[in-house]
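**Student:** Mind looking over this structure? Questions follow.
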Amino acid sequence: MTLLNVAGLLREAPGAAREVRLRDRYLALGADLELAGPLDGTLRLLRTNRGILLRGSIDAALRRTCARCLDPFVEEVRVQVAEEFLPSVDPISGTPLPAPSADEAALAIDARHAIDLGPVLHDELALSEPMHPLCRPDCPGLCPGCGRHMDVGSCSCQVDEPDPRLAVLAQLLAPEDDQASD
Numbered sequence: 001m002t003l004l005n006v007a008g009l010l011r012e013a014p015g016a017a018r019e020v021r022l023r024d025r026y027l028a029l030g031a032d033l034e035l036a037g038p039l040d041g042t043l044r045l046l047r048t049n050r051g052i053l054l055r056g057s058i059d060a061a062l063r064r065t066c067a068r069c070l071d072p073f074v075e076e077v078r079v080q081v082a083e084e085f086l087p088s089v090d091p092i093s094g095t096p097l098p099a100p101s102a103d104e105a106a107l108a109i110d111a112r113h114a115i116d117l118g119p120v121l122h123d124e125l126a127l128s129e130p131m132h133p134l135c136r137p138d139c140p141g142l143c144p145g146c147g148r149h150m151d152v153g154s155c156s157c158q159v160d161e162p163d164p165r166l167a168v169l170a171q172l173l174a175p176e177d178d179q180a181s182d
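The letter at position 169 of the sequence shown is residue 169 when you use our numbering, and the numbering goes up by one with no holes.
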C-alpha cells in the first residue's frame, strides 16, 4: 500500500502544487500483475477547488508470459496517470463531507487525508498489458503438434494438408498477383 498524506495540500488555496518522486517503491499489485523491479516516476499533485488532481508518469518493469512460447519475460512500460481525488472529511474542521455521486469518476481521500496510490497504479499498469504479450516480435512459439519450443529447433511433426473444402478460402488469402493470373 502506498499512501500519500495530502493534509497540508488540502489546506492550501486552489492552484497549489507538490511533486512526489516514486523511486525504488515496490508495490503488491495483485495476482494479475507482478513487478520485476521498483517503480520510478514523478507525480504532480495539484490542489483544485474540489480536491486533488494527480498527474504524472510511472516507469515499471513487469513480469509477463509470452502468448506464443509461454516463456516468462520482463517488459518495461511507461504509463500516464491522471486521477481526481475528493476529500471525505473537511481538512480544517474534520466534519464529514457528502460522498461524491456515482456519476463522478473521482476517488476518495480517506479520513486521515491520505491518497492510496495502489489501486490507481494497478489499474493503469493492467491497462498497459497487450492482448498477446510477446517475448519478442519474431517469437516462433510452440509446435501445435508436440508442444516443442520452436526456438530450440524444428520437430518431426507432420504438417497436415488443409481440408480441400477450404481451398476457396485459401484463394482469398492468396496475394493479388496470383489471383490476377487466373
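For every residue, glycine included, the Cβ atom is placed at its ideal position computed from N, Cα and C. Just so you know, these numbers come straight off a predicted model, no measurement behind them.
Going residue by residue through the stretch 79 to 114, where are the continuous beta strand (DSSP E) segments of at least 3 residues, counting only ones entirely within it?
**Tutor:** 107 to 109
**Student:** Is the CB-CB distance between residue 148 and residue 142 below 8 Å?
**Tutor:** Sequence index remark: in the sequence shown, residue 148 carries index 148 (1-based). Sequence index remark: in the sequence shown, residue 142 carries index 142 (1-based). Yes. Within cutoff.
**Student:** Please name the residue in 19, 70 and 38 whose C-alpha comes closest to that of residue 132.
**Tutor:** Your numbering for residue 132 matches position 132 in the sequence shown. It is 70 whose Cα lies nearest to the Cα of residue 132.
**Student:** For residue 92, count neighbouring Cβ atoms within 10 angstroms of its own Cβ and tell me buried if that reaches 16, exposed if not.
**Tutor:** The sequence position of residue 92 within the sequence shown is 92, counting from 1. Exposed, since its Cβ has fewer than 16 Cβ neighbours within 10 Å.
**Student:** Go ahead and label residue 21 buried or exposed: buried means 16 or more other beta carbons lie within 10 angstroms of its beta carbon, across all protein chains shown.
**Tutor:** The residue labelled residue 21 in the question sits at position 21 within the sequence shown. Under this definition residue 21 is an exposed residue.
**Student:** Measure from the alpha carbon of residue 160 to the alpha carbon of each residue in 3, 76, 144 and 60, then state which is nearest.
**Tutor:** In the sequence shown, the residue the question calls residue 160 occupies position 160. It is 144 whose Cα lies nearest to the Cα of residue 160.
**Student:** What residues are listed by DSSP as bridge partners for residue 138?
**Tutor:** Locating residue 138 in the sequence shown gives position 138, where the first residue counts as 1. The partner list for residue 138 (beta bridge, DSSP) is empty, contrary to what the question assumes.
**Student:** Would you kindly check if the distance between the Cβ of residue 68 and the Cβ of residue 134 is under 8 Å?
**Tutor:** Locating residue 134 in the sequence shown gives position 134, where the first residue counts as 1. Locating residue 68 in the sequence shown gives position 68, where the first residue counts as 1. A contact, by the Cβ cut-off of 8 Å.
**Student:** Which residues bound the alpha helix (DSSP H) around residue 126?
**Tutor:** Along the sequence shown, read from residue 1 onward, the residue named residue 126 stands at position 126. Counting along the chain, the alpha helix (DSSP H) containing residue 126 begins and ends at 118 to 127.
**Student:** Kindly indicate which residue of 154, 7 and 26 has the alpha-carbon position closest to the one of residue 17.
**Tutor:** Within the sequence shown, the letter at position 17 stands for residue 17. When only C-alpha atoms are compared, the closest one is 7.
**Student:** Would the stretch 79 to 99 count as touching the stretch 19 to 33 if we require 3 or more Cβ pairs under 8 Å?
**Tutor:** no
**Student:** Less than 8 Å between the C-beta atoms of residue 217 and residue 108, yes or no?
**Tutor:** No answer is possible for residue 217: the residues shown for the chain start at 1 and end at 182.
**Student:** Excluding the 5 residues flanking residue 124 on each side, which residues of the same chain have their C-beta closer than 8 Å to its C-beta?
**Tutor:** Your numbering for residue 124 matches position 124 in the sequence shown. 58, 79, 80 and 81, listed in sequence order.
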